[in-house]
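Data block below; observations after.
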Amino acid sequence: MSAGAAPAPSLPRPSGAVARAARMLLRAGAIALLAFIIFGPLANLLLWAFAERWYFPGKIPQEFGFAFWGRVFEPRGGAVQSLVTSIWIALLTVLFCLAVAVPAGYALARLKLPARAFILLLFLLPQAIPNLPIYVNIARMFYELRLNGTVAGVVLVHASHGLVLAVWIASAAFAAVDVQLEEAARNLGAGPWRCFTSVTLPLAAPGLIASAIFVFLESLDEFTGTYFVGVPDVTTLPLLMFNASMGGNYQIASITALLLLVPSIGFMLLVERFLKSDVLAMVGR
Amino acid sequence: MTAGAAGRARSISPRLAGLLLVSPALLVIALFFIVPLGLSVHSAFTDKAGAFTLAHFAKSFEYYGNDMVFTVAIVLLSCALIAAVAIAIAGYLTLGEHPRTKAALRWLYRWPLFIPFVVTGQVMRTFLAKNGMLNHVLVGSGVIEPLAAQSLLDWRGIVIAFVWKQAPFVTLLLAGAMASVDPQHVEAARNLGAPRWRVLGGIVLPQVRGTLLVGLVLSFVTMLSVLSVPMMINPNSPTMMTVDVAYRISTHGDYAVANALCLVSLLFGAAGAWVYLRHAVRRAEQVS
Numbered sequence: 001m002s003a004g005a006a007p008a009p010s011l012p013r014p015s016g017a018v019a020r021a022a023r024m025l026l027r028a029g030a031i032a033l034l035a036f037i038i039f040g041p042l043a044n045l046l047l048w049a050f051a052e053r054w055y056f057p058g059k060i061p062q063e064f065g066f067a068f069w070g071r072v073f074e075p076r077g078g079a080v081q082s083l084v085t086s087i088w089i090a091l092l093t094v095l096f097c098l099a100v101a102v103p104a105g106y107a108l109a110r111l112k113l114p115a116r117a118f119i120l121l122l123f124l125l126p127q128a129i130p131n132l133p134i135y136v137n138i139a140r141m142f143y144e145l146r147l148n149g150t151v152a153g154v155v156l157v158h159a160s161h162g163l164v165l166a167v168w169i170a171s172a173a174f175a176a177v178d179v180q181l182e183e184a185a186r187n188l189g190a191g192p193w194r195c196f197t198s199v200t201l202p203l204a205a206p207g208l209i210a211s212a213i214f215v216f217l218e219s220l221d222e223f224t225g226t227y228f229v230g231v232p233d234v235t236t237l238p239l240l241m242f243n244a245s246m247g248g249n250y251q252i253a254s255i256t257a258l259l260l261l262v263p264s265i266g267f268m269l270l271v272e273r274f275l276k277s278d279v280l281a282m283v284g285r
Numbered sequence: 001m002t003a004g005a006a007g008r009a010r011s012i013s014p015r016l017a018g019l020l021l022v023s024p025a026l027l028v029i030a031l032f033f034i035v036p037l038g039l040s041v042h043s044a045f046t047d048k049a050g051a052f053t054l055a056h057f058a059k060s061f062e063y064y065g066n067d068m069v070f071t072v073a074i075v076l077l078s079c080a081l082i083a084a085v086a087i088a089i090a091g092y093l094t095l096g097e098h099p100r101t102k103a104a105l106r107w108l109y110r111w112p113l114f115i116p117f118v119v120t121g122q123v124m125r126t127f128l129a130k131n132g133m134l135n136h137v138l139v140g141s142g143v144i145e146p147l148a149a150q151s152l153l154d155w156r157g158i159v160i161a162f163v164w165k166q167a168p169f170v171t172l173l174l175a176g177a178m179a180s181v182d183p184q185h186v187e188a189a190r191n192l193g194a195p196r197w198r199v200l201g202g203i204v205l206p207q208v209r210g211t212l213l214v215g216l217v218l219s220f221v222t223m224l225s226v227l228s229v230p231m232m233i234n235p236n237s238p239t240m241m242t243v244d245v246a247y248r249i250s251t252h253g254d255y256a257v258a259n260a261l262c263l264v265s266l267l268f269g270a271a272g273a274w275v276y277l278r279h280a281v282r283r284a285e286q287v288s
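Sequence lines, in order, name chains A and B.
If you're matching positions, the first sequence starts at 1 in my numbering and goes up one per residue.
If you're matching positions, the second sequence starts at 1 in my numbering and goes up one per residue.
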């Protein structure tokens, strides 16, 4: 990708203008190639989403249209139902995660904790081990508890996954609040709770909102955990997409995939304004 | 310590308060990570009568030994390619001298970052197929003969999907780390006449090794447990262990062998996880 590499020194030195033009072409070529690698697959998805008929050896669909969109959105298509389920699960997951992560994040940022390193390690653990054994055995636990195939079960799985991220972002958000402001409020007679709700919390709010968005998206996109715990009654959008794709129905799968891409890409374009890149890098997996 | 903590100290000790505030989160981790992990170990090592056995592992290696090698090979190859792409892009973003190329690159590379794996699987399934856009473009531009067009939906498809999805993640981390390398080091080397690739390899990369390592370890662990991509691109044997685990459960209800397989993949991930945890805890302690 180092498109701007200097011309090989062994060649006879071309005139400055020619060398510049050659480098310009090389750079443009490399960028165009990368653009194809990134957007080619997405363009293919778009074609499938609007293909009415597309069979071999047509390079593009023989017929374009919206017939499959109608089928996806009609009640029997299940997309609307899945979308509602997905959003409902994601909202509950956010509520659960914030309720648990805000106190934990505050404590990690501001209070002395015994065995602090060990607690930090526990909060990192879920990121550092393959999640498959977790999902498989949570599914077994939930089967005993009759939580399999329920929204509550799926929310718990999504929340335990999103929690790690939520705690880390919340902790960073609280750590960034200026202690002197809290001290000023306390000196003016505010109690600890009043100080927290009217000074600390509002100042940490942007970070907390960011963590809520992350958890929401993680839940919306989650597949493996839902696959094991949600069956057979809870069908989220990723599961609907997967089933359509495995059933060979590429139009339906592509339309559902597009629905899933909208929040992800919208978020990508917005989020950089209020989060640093190393936190950003933790999502979308 | 802080005013908030001092205030709490009047009623309860700040340590206890901290522990109380952290405990719900710890409880969730314990219930939904530690307990399932324990169940996994228990189920993999006990037979139906509850006695200790290694039979499930023997069966795993006998049936799925090939898939284990296949899985590790695919994930390692993907990591190597991800590292190459990330170093190239982050390197150009740091050392490149053409502002418009850098801007275009920065805008381009991160698109797959937020695209879920399951969507990546679907996207690649159509793009890499024999009748997919990749072959049409290659044939149309004369790179390959029409008859040479082949489906890439095998191990190559999995590797391509993984690299496409994970390389932006590592690039983002790496570019962030490279941006904080002291520009004077780079300038000094450039003034002494070192070409940019030597500055990248000799000066910038050694300073961001830790970040690269963390990004690769996280990608390694993530790819080990992705179910959707191998299932959609290459579900037939040899395939990745995640597909085998899902198959053992959905077709045979065989949790014992599934858990043995899980533990084997956990073992693969453990080496990487150790490196990551050490690095992350050290950094977290430095911050606080």
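Think of the CB as a built atom: it goes at the ideal place given N, C-alpha and C, for glycine as much as any other residue.
On a Cα-Cα basis, can you pick out the residue from the options that is closest to residue i?
i	options	result
A:Leu259	A:Met241, A:Asn44, A:Asn249 and A:Leu270	A:Met241
B:Leu31	A:Gly153, A:Glu222 and A:Ala28	A:Gly153
A:Ala205	A:Lys59, A:Gly225 and A:Ala173	A:Ala173
B:Ser265	B:Phe114, B:Met68, B:Gln122 and B:Val170	B:Met68
B:Gly157	B:Ser78, B:Gly210 and B:Ala58	B:Ser78
A:Leu34	B:Met231, B:Ala148, B:Glu97 and B:Ala88	B:Ala88
B:Gly272	B:Leu128, B:Thr120, B:Gly215 and B:Val22	B:Gly215
B:Ser349	B:His56, B:Leu27, B:Ala149 and B:Val159	One cannot answer for residue 349 of chain B here, as it falls past the ends of chain B, which runs 1 to 288.
A:Ile129	B:Gly269, B:Arg278 and B:Phe114	B:Gly269
A:Phe142	A:Glu63, A:Ala104 and A:Phe228	A:Phe228
A:Thr85	A:Ala253, A:Val262, A:Pro238 and A:Ser264	A:Pro238
A:Ser160	A:Ile138, A:Gln180, A:Glu144 and A:Ala175	A:Ile138
Grouping DSSP H, G and I as helix and E and B as strand, with all else coil, what is residue i?
i	result
A:Phe267	helix
B:Arg282	helix
A:Thr235	coil
A:Glu183	helix
B:Thr46	strand
B:Glu145	coil
A:Leu63	The identity of residue 63 of chain A in the sequence shown is Glu, whereas the question assumes Leu. If DSSP states are grouped into helix, strand and coil, A:Glu63 belongs with the strands.
A:Phe216	helix
A:Arg20	helix
A:Glu222	coil
A:Ala51	strand
B:Thr2	Low confidence applies to B:Thr2: its pLDDT is 46, below 50, so where it sits in the model is not reliable, and the reading given next is rough at best. Three-state DSSP puts B:Thr2 in coil, outside helix and strand.
B:Val275	helix
Looking at the unbroken alpha helix (DSSP H) that takes in residue i, where does it start and where does it end?
i	result
A:Ala176	Element bounds for A:Ala176: n/a, residue is neither H nor E.
B:Glu62	Ala55 to Leu95
A:Glu74	Premise fails: A:Glu74 is in no alpha helix (DSSP H) and is neither H nor E.
B:Glu187	Pro183 to Asn191
A:Trp88	Ala79 to Arg110
B:Ile233	Ser228 to Ile233
Using a 10 Å radius around the Cβ and a threshold of 16 neighbouring Cβ atoms, would you call residue i buried or exposed?
i	result
A:Leu269	exposed
B:His252	exposed
B:Asn66	exposed
B:Phe52	exposed
A:Asp233	exposed
B:Ser60	buried
B:Leu54	exposed
A:Tyr55	exposed
B:Thr222	buried
B:Trp164	buried
A:Gly189	exposed
A:Met282	Only weak support is given to the placement of A:Met282: the predicted model assigns it a pLDDT of 47, under 50, and the question is left unresolved by the model.
A:Trp168	buried
B:Trp107	exposed
A:Asp221	buried
B:Pro238	buried
B:Asn336	Absent from the model: residue 336 of chain B. The displayed extent of chain B is 1 to 288, so no value can be given.
B:Asp47	exposed
Does the ligand HEM have a heavy atom nearer than 8 Å to the CB of residue i?
i	result
B:Leu224	The ligand content of the structure shown is nil, which means the ligand HEM is not present either.
What residue range is occupied by the uninterrupted beta strand (DSSP E) comprising residue i?
i	result
B:Arg248	Segment Met241 to His252 is the alpha helix (DSSP H) holding B:Arg248; no beta strand (DSSP E) there.
Please decide whether residue i counts as near chain D, where near means a Cβ-Cβ distance under 9 Å.
i	result
A:Ala176	No chain D appears in this structure, whose protein chains are A and B.
Q | Members of the segment 28-50 of chain A that neighbour chain B once the beta carbon cut-off is set at 9 Å | A | Ala28, Ala30, Ile31, Leu34, Ala35, Phe36, Ile37, Ile38, Phe39, Gly40, Pro41, Leu42, Ala43, Asn44, Leu45, Leu47 and Trp48
Q.
At a CB distance below 8 Å, what residues from the segment 244-265 of chain B approach chain A? Give them in sequence order.
A. Val245, Ala246, Ile249, Tyr255, Ala258, Asn259, Cys262, Leu263 and Ser265
Q. If contact means a Cβ-Cβ distance below 7 Å, which residues of the segment 115-128 of chain B contact chain A?
A. Ile115, Pro116, Phe117, Val118, Val119, Gln122, Val123, Met124, Arg125, Thr126 and Phe127
Q) What residues from the segment 131-144 of chain A come within 7 Å of chain B, judged by C-beta to C-beta, listed N to C? A) Of all residues in the segment 131-144 of chain A, Asn131, Leu132, Pro133, Ile134, Val136, Asn137, Ile138, Arg140 and Met141 have a Cβ within less than 7 Å of some Cβ in chain B.
Q: Taking only beta carbons into account, state which residues of the segment 74-96 of chain A come closer than 7 Å to chain B, listed in chain order.
A: Cβ contacts with chain B come from no residue of the segment 74-96 of chain A.
Q.
By the 7 Å beta-carbon criterion, what residues does the segment 12-32 of chain B contribute toward chain A?
A. Listed in sequence order: Pro14, Arg15, Ala17, Gly18, Leu19, Leu21, Val22, Pro24, Ala25, Leu26, Val28, Ile29 and Phe32.
Q: Could you list the residues in the segment 140-170 of chain B with a C-beta less than 8 Å from some C-beta on chain A, going in chain order?
A: Identification of residues in the segment 140-170 of chain B having a C-beta nearer than 8 Å to some C-beta of chain A yields Gly140, Trp164 and Phe169, given in sequence order.
Q) Using a Cβ cut-off of 7 Å, which residues of the segment 219-240 of chain A contact any Cβ in chain B, in chain order? A) Result list: Asp221, Phe223, Thr224, Tyr227 and Pro238.
(Q) Counting only Cβ-Cβ distances shorter than 7 Å, please list the residues of the segment 58-75 of chain A near chain B, keeping chain order. (A) Within the segment 58-75 of chain A, contact with chain B at the beta-carbon level (separation under 7 Å) is assigned to Lys59.
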